[in-house]
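Line by line, the protein sequences are chains A and B.
Quick note on numbering: our numbering labels position 86 of the first sequence as 122, and the sequence is numbered without any gaps.
Quick note on numbering: our numbering labels position 192 of the second sequence as 228, and the sequence is numbered without any gaps.
Glycine residues also receive a C-beta, built at the ideal position from the N, C-alpha and C atoms.
Owing to the predicted nature of the structure, the values given are computational and were not obtained by experimental measurement.
Some notes on the structure that comes next.
Number of protein chains: 2
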Amino acid sequence: MRILLTNDDGIYAPGLRALRRELMKIGEVIVVAPATEQSATGHSVTLLTPLLVTEVFDDADQSFLGWAVEGRPADCMKLALLELLTEPPDLIVSGLNAGSNAGINVLYSGTVAAAIEAAFYRHTAIACSLEYTKNARLDWPKAADYARQVVEQILAHSPAKGSLFNVNIPPLERGGVKGIRVMPQNVSVYEEKFDRRTNPRGRTYFWTSPEFVCHEPHPDTDVTALAEGFITVTPLQFDLTNRPMLAEMGNWQWGLGE
Amino acid sequence: MRILLTNDDGIYAPGLRALRRELMKIGEVIVVAPATEQSATGHSVTLLTPLLVTEVFDDADQSFLGWAVEGRPADCMKLALLELLTEPPDLIVSGLNAGSNAGINVLYSGTVAAAIEAAFYRHTAIACSLEYTKNARLDWPKAADYARQVVEQILAHSPAKGSLFNVNIPPLERGGVKGIRVMPQNVSVYEEKFDRRTNPRGRTYFWTSPEFVCHEPHPDTDVTALAEGFITVTPLQFDLTNRPMLAEMGNWQWGLGE
Numbered sequence: 037m038r039i040l041l042t043n044d045d046g047i048y049a050p051g052l053r054a055l056r057r058e059l060m061k062i063g064e065v066i067v068v069a070p071a072t073e074q075s076a077t078g079h080s081v082t083l084l085t086p087l088l089v090t091e092v093f094d095d096a097d098q099s100f101l102g103w104a105v106e107g108r109p110a111d112c113m114k115l116a117l118l119e120l121l122t123e124p125p126d127l128i129v130s131g132l133n134a135g136s137n138a139g140i141n142v143l144y145s146g147t148v149a150a151a152i153e154a155a156f157y158r159h160t161a162i163a164c165s166l167e168y169t170k171n172a173r174l175d176w177p178k179a180a181d182y183a184r185q186v187v188e189q190i191l192a193h194s195p196a197k198g199s200l201f202n203v204n205i206p207p208l209e210r211g212g213v214k215g216i217r218v219m220p221q222n223v224s225v226y227e228e229k230f231d232r233r234t235n236p237r238g239r240t241y242f243w244t245s246p247e248f249v250c251h252e253p254h255p256d257t258d259v260t261a262l263a264e265g266f267i268t269v270t271p272l273q274f275d276l277t278n279r280p281m282l283a284e285m286g287n288w289q290w291g292l293g294e
Numbered sequence: 037m038r039i040l041l042t043n044d045d046g047i048y049a050p051g052l053r054a055l056r057r058e059l060m061k062i063g064e065v066i067v068v069a070p071a072t073e074q075s076a077t078g079h080s081v082t083l084l085t086p087l088l089v090t091e092v093f094d095d096a097d098q099s100f101l102g103w104a105v106e107g108r109p110a111d112c113m114k115l116a117l118l119e120l121l122t123e124p125p126d127l128i129v130s131g132l133n134a135g136s137n138a139g140i141n142v143l144y145s146g147t148v149a150a151a152i153e154a155a156f157y158r159h160t161a162i163a164c165s166l167e168y169t170k171n172a173r174l175d176w177p178k179a180a181d182y183a184r185q186v187v188e189q190i191l192a193h194s195p196a197k198g199s200l201f202n203v204n205i206p207p208l209e210r211g212g213v214k215g216i217r218v219m220p221q222n223v224s225v226y227e228e229k230f231d232r233r234t235n236p237r238g239r240t241y242f243w244t245s246p247e248f249v250c251h252e253p254h255p256d257t258d259v260t261a262l263a264e265g266f267i268t269v270t271p272l273q274f275d276l277t278n279r280p281m282l283a284e285m286g287n288w289q290w291g292l293g294e
């Protein structure tokens, strides 16, 4: 099995490296990932600047690891599928991200966007993220082991081409993972704040605060199950049409004046 | 009515200025928009750098126009709602974008992302885009007039809080607009290419090609209706859960080895 691996934390991120080692147990792994951190870049793509590409080799044995792209996660996916890979991959994995991508974070996430981009091209894609906790050392090898187990269990069901999954792993230091739950995406809002400052020249600027908290997640969603210590698996799709509203709007009258 | 206007082409873009003039016919308009072009930045947000903010005034009469933010469209929306506006807006409009945002372009679009961000906060938001055609001079005043008419017709139905709409206007020079159609988002893939080059130092780089064509759009979607010369209105939502797959996966067996 040929596996294409990407992420949004960059090709040198420990989460990607740990997940690569695990995925090498189940297939051949080629990496096409951003050269630098691209957290929270969503589904952005690079139109205005060129995409530089560099071959990267494994530190340990100097084997070919893949390509670093000076672009976004979605750029990496496009370049991998259209230009860099000599044969189409059987599976695409994105991660292992430092920080969960549950709830509306799914829409901010470069990790998930790379998987969605792969699904545009009718590839099966799985985004994997590990919840980040301040002051805890992330156990990447253990988390990557869990991610690989989830990937194998998804593949055992031979999902249709273009299937898309979002996997989140809870903090491992919080007393062990309780199991795996299939959950829908939570859609309730997060509370966040800005830190307003003035620069030495008198101009106002804002820092996005690290506090980004979902106070009232809907029950039985990825956010709640993750908080309870479960690994969550959410099947995704990218049709944003609001179907009930579409049906309602079919009855609206429209007109155009000149 | 208080209207918050943003875009992804930047606060100095002609599409935003034309739409502002039209929206001033139906309410008070405050602009919070990116300082520079942010096309195809999707739902990215700025975590690693500070967001500088500058007050901007109307060239013509020096009246207060709003704030330019050195960040992404979604940053603008967050800052507007959490920090900059003294009162909550009644409506959020994003656009008028130079280039259509139909089909999977909805996911790349900063224009649409700003509207989705507003819907996170349970505001009613409408993204508006004008299809771009090479070598044609875009008739911003006419397109903005159409966009304002569509906005007014949506508001006439008093949509629930958090309602989200995506409006696309066909090229006006192609023989006139045929009417308004409510359509779902097309989800079929676009064909695109990269232009591979070598820089003077021998490094490989790629340019994203301007060719980005949907050869087989699904019938009766935003992409097909727009191509036929209709203004399209698509109600959107941001729950990416694949519900049929979620139901199927409820029967899957899961387990974790240590």
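Chain B within 8 angstroms of residue i, Cβ atoms only
i              : result
I62 (chain A)  : no
P207 (chain A) : no
G293 (chain A) : yes
H254 (chain A) : no
S75 (chain A)  : yes
G131 (chain A) : no
L143 (chain A) : yes
T42 (chain A)  : no
V259 (chain A) : no
T277 (chain A) : yes
Whole-Å CB distance - residue i paired with residue j, under 8 angstroms assumed
i              : j              : result
L52 (chain B)  : D45 (chain B)  : 7 angstroms
V203 (chain A) : I152 (chain A) : Not confirmed; about 14 angstroms, so no contact.
L146 (chain B) : Q74 (chain B)  : Before going further, note that residue 146 (chain B) is Gly rather than Leu in the sequence given. The Cβ separation is near 5 angstroms, so the contact holds.
Y241 (chain B) : V225 (chain A) : Contact flag wrong, Cβ pair sits at about 40 angstroms.
E227 (chain A) : V249 (chain A) : 5 angstroms
R217 (chain A) : A261 (chain A) : 4 angstroms
H79 (chain A)  : A149 (chain A) : 4 angstroms
F230 (chain B) : L115 (chain A) : 7 angstroms
Option nearest residue i by Cα separation, candidates the options
i              : options                           : result
T160 (chain A) : A:T234, A:L272 and A:V89          : A:L272
E284 (chain A) : B:D275, B:V269 and B:R279         : B:V269
C112 (chain A) : A:L41, A:A76 and A:A172           : A:L41
A138 (chain B) : B:P206, B:V89 and B:R108          : B:P206
T244 (chain A) : B:L166, B:V105, B:P246 and B:P253 : B:V105
E123 (chain A) : A:M37, A:L262, A:R217 and A:R57   : A:M37
D258 (chain A) : A:N141, A:V92, A:N133 and A:E91   : A:N141
P255 (chain B) : B:S99, B:V223 and B:A96           : B:V223
R237 (chain B) : A:T77, A:L88 and A:L83            : A:L88
I39 (chain B)  : B:K61, B:I47 and B:I66            : B:I66
D126 (chain B) : B:F274, B:R239, B:G63 and B:T77   : B:G63
A180 (chain B) : A:D94, A:R184 and A:L292          : A:L292
P109 (chain A) : A:Q185, A:R233, A:N43 and A:Q98   : A:N43
I47 (chain B)  : B:M281, B:F100, B:T82 and B:K61   : B:F100
K214 (chain A) : B:P177, B:G286 and B:W290         : B:W290
N287 (chain B) : A:A96, A:H193, A:L166 and A:S165  : A:H193
CB contact below 8 angstroms: residue i versus chain A
i              : result
Y168 (chain B) : no
G78 (chain B)  : yes
F230 (chain B) : yes
I162 (chain B) : no
I47 (chain B)  : no
H251 (chain B) : no
E220 (chain B) : Checking the displayed sequence, the identity of residue 220 (chain B) turns out to be Pro instead of Glu. For P220 (chain B), the answer is yes, since a Cβ of chain A falls inside 8 angstroms of its Cβ.
E119 (chain B) : yes
L83 (chain B)  : yes
P125 (chain B) : no
M37 (chain B)  : no
Partners in chain B for residue i, counting only beta-carbon separations shorter than 8 angstroms
i              : result
I140 (chain A) : F156 and F274
N204 (chain A) : The premise fails here: N204 (chain A) is roughly 13 angstroms from chain B at the closest Cβ pair, so nothing lies under 8 angstroms.
Chain-ordered chain A contacts of residue i [CB-CB under 9 angstroms]
i              : result
H159 (chain B) : By Cβ distance, chain A contributes nothing, its closest Cβ being about 11 angstroms from H159 (chain B), past 9 angstroms.
L88 (chain B)  : N235, R239, T240, Y241 and F242
I66 (chain B)  : Under the 9 angstroms cutoff, chain A gives no residues; its nearest Cβ is about 16 angstroms from I66 (chain B).
V92 (chain B)  : Under the 9 angstroms cutoff, chain A gives no residues; its nearest Cβ is about 13 angstroms from V92 (chain B).
Within chain A, the residues that residue i reaches when beta carbons sit closer than 7 angstroms
i              : result
E58 (chain B)  : Ordered by position in chain A, no residue passes the 7 angstroms Cβ test against E58 (chain B), which lies about 13 angstroms from the chain.
Q185 (chain B) : L292 and G293
Interface partners of residue i on chain B, CB under 9 angstroms
i              : result
I128 (chain A) : The contacting residues do not exist; I128 (chain A) stays about 15 angstroms from chain B at best.
A151 (chain A) : Correct list: empty, because the minimum Cβ distance to chain B is about 11 angstroms.
G215 (chain A) : W290, G291 and L292
L282 (chain A) : V218, M219, P220, T270 and P271
Below-8 angstroms beta-carbon distance, residue i vs any chain E residue
i             : result
L40 (chain A) : The chain labelled as chain E is not found among the protein chains of the depicted structure, namely A and B.
Chain A residues whose Cβ lies nearer than 8 angstroms to that of residue i
i              : result
G286 (chain B) : V218
Under 7 angstroms from the C-beta of residue i: neighbouring residues of chain B
i              : result
T270 (chain A) : T277
Q98 (chain A)  : Here the premise fails: no neighbours, minimum Cβ distance about 20 angstroms.
What runs of the alpha helix (DSSP H), each 4 residues or longer, lie entirely inside the segment 130-170 of chain A?
141-144 and 146-156
What residue ranges within the segment 57-144 of chain A form continuous alpha helix (DSSP H) runs of no fewer than 4 residues, ordered along the chain?
109-115 and 141-144
What alpha helix (DSSP H) runs, 4 residues minimum, are completely inside the segment 166-236 of chain B?
176-191
Residue ranges of each alpha helix (DSSP H) run of no fewer than 4 residues wholly in the segment 227-290 of chain A, ordered along the chain?
258-263 and 279-285
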